[in-house]
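Peer 1: Every position in the sequence shown, counted from 1, becomes a number in this note's numbering once 16 is added.
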Amino acid sequence: MKQEIIRGRAYLFGDNINTDFINPAQYMELPMDQMIQHAMEGADPDFSKNVRPGDVMVAGINFGSGSSRETAPMVIKGSGISVLIAVSFARIFYRNAINIGLKVLTCPQAKEIAHGDELEVDPIAGTIRDLTTGKDYTCTALPPHILELVNDGGLIPHLEKTLKKKD
Numbered sequence: 017m018k019q020e021i022i023r024g025r026a027y028l029f030g031d032n033i034n035t036d037f038i039n040p041a042q043y044m045e046l047p048m049d050q051m052i053q054h055a056m057e058g059a060d061p062d063f064s065k066n067v068r069p070g071d072v073m074v075a076g077i078n079f080g081s082g083s084s085r086e087t088a089p090m091v092i093k094g095s096g097i098s099v100l101i102a103v104s105f106a107r108i109f110y111r112n113a114i115n116i117g118l119k120v121l122t123c124p125q126a127k128e129i130a131h132g133d134e135l136e137v138d139p140i141a142g143t144i145r146d147l148t149t150g151k152d153y154t155c156t157a158l159p160p161h162i163l164e165l166v167n168d169g170g171l172i173p174h175l176e177k178t179l180k181k182k183d
C-alpha cells in the first residue's frame, strides 16, 4: 500500500470522553448535517466553531466509551477531522469508527501532544511527528486491509467496491 501522510493541527481532548460528550443525545433526532454542528459539545461547546477540515483529534484514555451509537464517530468525521489518535479507545467506538471510514490510531504517548501542535501522521507506518516540537511518536499502525476499508469510506462502500470487482 502506498504511503499516506496526514498533516493537521492537533485538537486536544482528555480522558474518558464518552459518546454523550461526542454526540449529545438531545441532538440524535436531527439530520446528520445538523448533528455535526453539535459534535463534541459535551466536552467543548466551541468545537464545531473552531475545528478546521484536516485537523487531527488527539485524546487520552478510553475515548468513545458509553453507548454503541455509530453517530459518534460519524459526527467527528463529518466535522472534518482527518484522523483520531488516542491513548486507548472503547472497543465498540473503535470498530464503529473504522466501519464508517474514520482513521483511528492508538498512541500511548498521545497525552504529550499539545493543543494546536502541527502533526504529520503516517497511519501505515504507525508514526506521528510533532512538527511543532520535533518529537516523534509510535502508534499502532492500521493494517493495510483495514486502511483500505477506511479509505474506501467505511465498511459498506468497501463491500460495494469488492462486490463490483467480482462482477
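No residue lacks a Cβ here, since even glycine has one placed at the ideal position from N, Cα and C.
Between residue 106 and residue 79, which are expected to be in contact by the criterion C-beta below 8 Å, what is the C-beta distance as a whole number of angstroms?
Peer 2: Taking C-beta atoms under 8 Å as the contact rule, residue 106 and residue 79 qualify, at a distance of about 7 Å.
Peer 1: Does the beta-carbon of residue 90 have 16 or more other beta-carbons within 10 angstroms, so that it is buried, or is it exposed?
Peer 2: buried
Peer 1: Look at the alpha carbon of residue 117 and the alpha carbon of residue 169, and state the distance between them as a whole number of angstroms.
Peer 2: 4 Å
Peer 1: If we ignore side chains and look at the alpha-carbon of each, how far apart do residue 59 and residue 26 end up?
Peer 2: 16 Å
Peer 1: Thinking C-beta only, is residue 135 closer than 8 Å to residue 145?
Peer 2: Taking 8 Å as the Cβ cut-off, residue 145 and residue 135 qualify as a contacting pair.
Peer 1: Apart from the five residues on each side of it in sequence, which residues of its chain come closer than 8 Å, Cβ to Cβ, to residue 86?
Peer 2: 112, 115 and 116
Peer 1: If we require 4 or more residues per run, which alpha helix (DSSP H) segments fall completely within the region 72-158?
Peer 2: Complete alpha helix (DSSP H) runs here, min 4: 87-94 and 107-115.
Peer 1: Which one of 46, 43, 92 and 177 has the shortest CA to CA distance from residue 28?
Peer 2: The shortest Cα separation from residue 28 among 46, 43, 92 and 177 belongs to 92.
Peer 1: Compute the distance between the beta-carbons of residue 99 and residue 137, then report whether it is under 8 Å.
Peer 2: yes
Peer 1: Cα-Cα, which of 74, 167, 140 and 84 is closest to residue 108?
Peer 2: 84
Peer 1: Which word fits residue 177, buried or exposed, when buried means at least 16 other C-beta atoms lie within 10 angstroms of its C-beta?
Peer 2: exposed
Peer 1: Taking DSSP as the reference, what is the three-state secondary structure of residue 52?
Peer 2: In the three-state DSSP reduction, residue 52 falls in the helix class (H, G or I).
Peer 1: So residue 154 packs on residue 121, CB below 8 Å; how close in whole Å?
Peer 2: With a Cβ gap of about 10 Å, residue 154 and residue 121 do not count as contacting.
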